[in-house]
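Undergrad: Can you keep this structure in mind? I'll have questions shortly.
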Amino acid sequence: MYTSDHMLMSTWLSLMRSREIQETCYGVKISAVQAAQLVGRNERRIRDWIATRRLPAIKVGQSWQIDIEDLERLPGITIDRTQLEALWSREVGALSELRQRVRDLEEVVLNLRNEVAQLKMRLQDIEGAQRASVLFEHAEQIPLDLRMYATVTPPFPDFEDRAGGQEVEPPPGSVRVKQFALIHKVHAAMLTYQIETGKIEDTPLSMGNGRKAHWLTPEQQRAVIVFWRRNGTHFVPCPICPHTAM
Numbered sequence: 001m002y003t004s005d006h007m008l009m010s011t012w013l014s015l016m017r018s019r020e021i022q023e024t025c026y027g028v029k030i031s032a033v034q035a036a037q038l039v040g041r042n043e044r045r046i047r048d049w050i051a052t053r054r055l056p057a058i059k060v061g062q063s064w065q066i067d068i069e070d071l072e073r074l075p076g077i078t079i080d081r082t083q084l085e086a087l088w089s090r091e092v093g094a095l096s097e098l099r100q101r102v103r104d105l106e107e108v109v110l111n112l113r114n115e116v117a118q119l120k121m122r123l124q125d126i127e128g129a130q131r132a133s134v135l136f137e138h139a140e141q142i143p144l145d146l147r148m149y150a151t152v153t154p155p156f157p158d159f160e161d162r163a164g165g166q167e168v169e170p171p172p173g174s175v176r177v178k179q180f181a182l183i184h185k186v187h188a189a190m191l192t193y194q195i196e197t198g199k200i201e202d203t204p205l206s207m208g209n210g211r212k213a214h215w216l217t218p219e220q221q222r223a224v225i226v227f228w229r230r231n232g233t234h235f236v237p238c239p240i241c242p243h244t245a246m
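Numbering (the UniProt record's numbering), first residue to last: 1 to 246.
Here it is as structure tokens:
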């Protein structure tokens, strides 16, 4: 009884596996060589069936693609289940390899994207440092006199009451923020950040084109130097600045 039940179970499992293989392979395209192996014929016979339109097939490049279902519909043709199982195993193995390859490539792409992002950030840092270095070298080659950049034009009584679109002159001795940073060999972006975060006060004035120009009055210049010294901002003192007598 045990042997009989065991045989029935084995037969049932075999049939189920055969059905699973059959369902999996249906819709799968095979070559003429594979078709010949499944039906126990040679490749020439398969090509003859294709030529006489007995067996539907699609030409892809130099080879034919045949549907297993079309092959099984041929009268008098029986598909070798052993060969079909071997084909199924190869297809499953190839599918698993393809999926693993896709996962590997996706990981490579992700790593490359992260590396590109890091390289871009590094490149931006290097380019920023190079631009600052060029400015500093230029400042060392050409002696800068703060009085060249300071205005001596008397200011208007009230900056806020000036009509829109008209340029407002800064107080005497004022220097543009970027020029002040350049003279003291401090990156302009750093000084701008200190101003934008409220650590340093500047004097924004209207220009003729409607934009704002940012200036530092002599009092504000002195406040900047005090702030830099207190907070450890590296700068190069200039010999004739109005704030050197602090």
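C-beta atoms are modelled at their ideal positions from N, C-alpha and C, and glycine is treated no differently.
Could you tell me which uninterrupted alpha helix (DSSP H) segments, each at least 4 residues in length, are contained entirely in the stretch 35-112, listed from first to last along the chain?
TA: Correct list: 43-51, 68-72.
Undergrad: For His-184, I'd like the list of residues in its chain whose CB is within less than 6 Å of its CB, leaving aside the five on either flank, ordered along the chain.
TA: Cβ neighbours of His-184 beyond the five flanking positions: Phe-235, Val-236.
Undergrad: So if DSSP puts Lys-185 in a beta bridge, which residue, or which two residues, is it bridged to?
TA: Bridge partners of Lys-185: none, in fact.
Undergrad: For Asp-202, count neighbouring Cβ atoms within 10 angstroms of its own Cβ and tell me buried if that reaches 16, exposed if not.
TA: With 16 or more other Cβ atoms within 10 Å, it is buried.
Undergrad: Assign Ile-30 to one of three DSSP states: helix, strand, or coil.
TA: Ile-30: strand per DSSP, three-state reduction.
Undergrad: Does Val-175 come out as helix, strand or coil in the three-state DSSP assignment?
TA: Three-state result, Val-175: strand.
Undergrad: Along the chain, where does the alpha helix (DSSP H) containing Pro-218 start, and where does it finish?
TA: Start and end: 218-231.
Undergrad: Count the other CB atoms within 10 Å of the CB of Ser-96; is the residue buried (16 or more) or exposed (fewer)?
TA: Ser-96 comes out exposed.
Undergrad: Ignore the nearest five residues each way along the sequence and tell me which others in Gln-34's own chain have a CB closer than 7 Å to its CB.
TA: Excluding sequence neighbours, Gln-34 sits near Leu-87.
Undergrad: How many Å lie between Val-116 and Gln-179 at the Cα?
TA: Rounded to whole angstroms, Val-116 to Gln-179 spans 35 Å at the Cα level.
Undergrad: Determine the direct distance from the alpha carbon of Thr-52 to that of Ser-89, and round the result to whole angstroms.
TA: Rounded to the nearest angstrom, the two C-alpha atoms are 31 Å apart.
Undergrad: How long is the line joining the alpha carbons of Glu-107 and Arg-122, rounded to whole angstroms?
TA: Glu-107 and Arg-122: Cα-Cα distance of roughly 23 Å.
Undergrad: Less than 8 Å separating the beta-carbons of Ile-68 and Val-28?
TA: Against a cut-off of 8 Å, the Cβ pair of Val-28 and Ile-68 comes out as a contact.
Undergrad: Let me confirm a value: residue 248 is counted as buried when at least 16 other C-beta atoms fall within 10 Å, else exposed. Which label applies?
TA: Outside the shown range of the chain (1 to 246) lies residue 248, about which nothing can therefore be said.
Undergrad: Which word fits Gly-210, buried or exposed, when buried means at least 16 other C-beta atoms lie within 10 angstroms of its C-beta?
TA: It is exposed - the Cβ of Gly-210 has fewer than 16 other Cβ atoms within 10 Å.
Undergrad: State buried or exposed for Ser-174, treating a residue as buried only when at least 16 other CB atoms are found within 10 Å of its CB.
TA: It counts as buried.
Undergrad: From the DSSP secondary-structure annotation, give me the bridge partner or partners of Leu-205.
TA: Leu-205 pairs with Ala-213.
Undergrad: In or out: Gln-100 buried (at least 16 other Cβ within 10 Å) or exposed?
TA: Gln-100 comes out exposed.
Undergrad: Beta-carbon within less than 8 Å of Asp-80's beta-carbon, same chain only, minus the 5 sequence neighbours each way: which residues are those?
TA: The residues are Gln-37, Leu-38, Val-39, Gly-40.
Undergrad: In terms of alpha-carbon separation, which member of Ile-46, Thr-233, Asp-104 lies closest to Val-186?
TA: Cα-wise, what sits closest to Val-186 is Thr-233.
Undergrad: Is DSSP giving Val-116 helix, strand or coil here?
TA: In this structure, Val-116 counts as helix in the three-state DSSP scheme.
Undergrad: Between the alpha carbons of Arg-229 and Leu-105, how many angstroms are there, rounded?
TA: Distance between the alpha carbons of Arg-229 and Leu-105: 53 Å.
Undergrad: Would you please state the rounded distance, in angstroms, between the beta carbons of Glu-43 and Ala-57? I believe it to be under 8 Å.
TA: In fact, because the Cβ distance is near 12 Å, the residues do not count as touching under 8 Å.
Undergrad: Nearest CA to the CA of Leu-55: which residue from Ala-213, Gly-61, Gln-62, Glu-72?
TA: Among Ala-213, Gly-61, Gln-62, Glu-72, the Cα nearest to that of Leu-55 belongs to Glu-72.
Undergrad: Given this structure, state the Cα-to-Cα distance separating Cys-238 from Arg-222, to the nearest angstrom.
TA: Near 12 Å, if we compare the C-alpha coordinates of Arg-222 and Cys-238.
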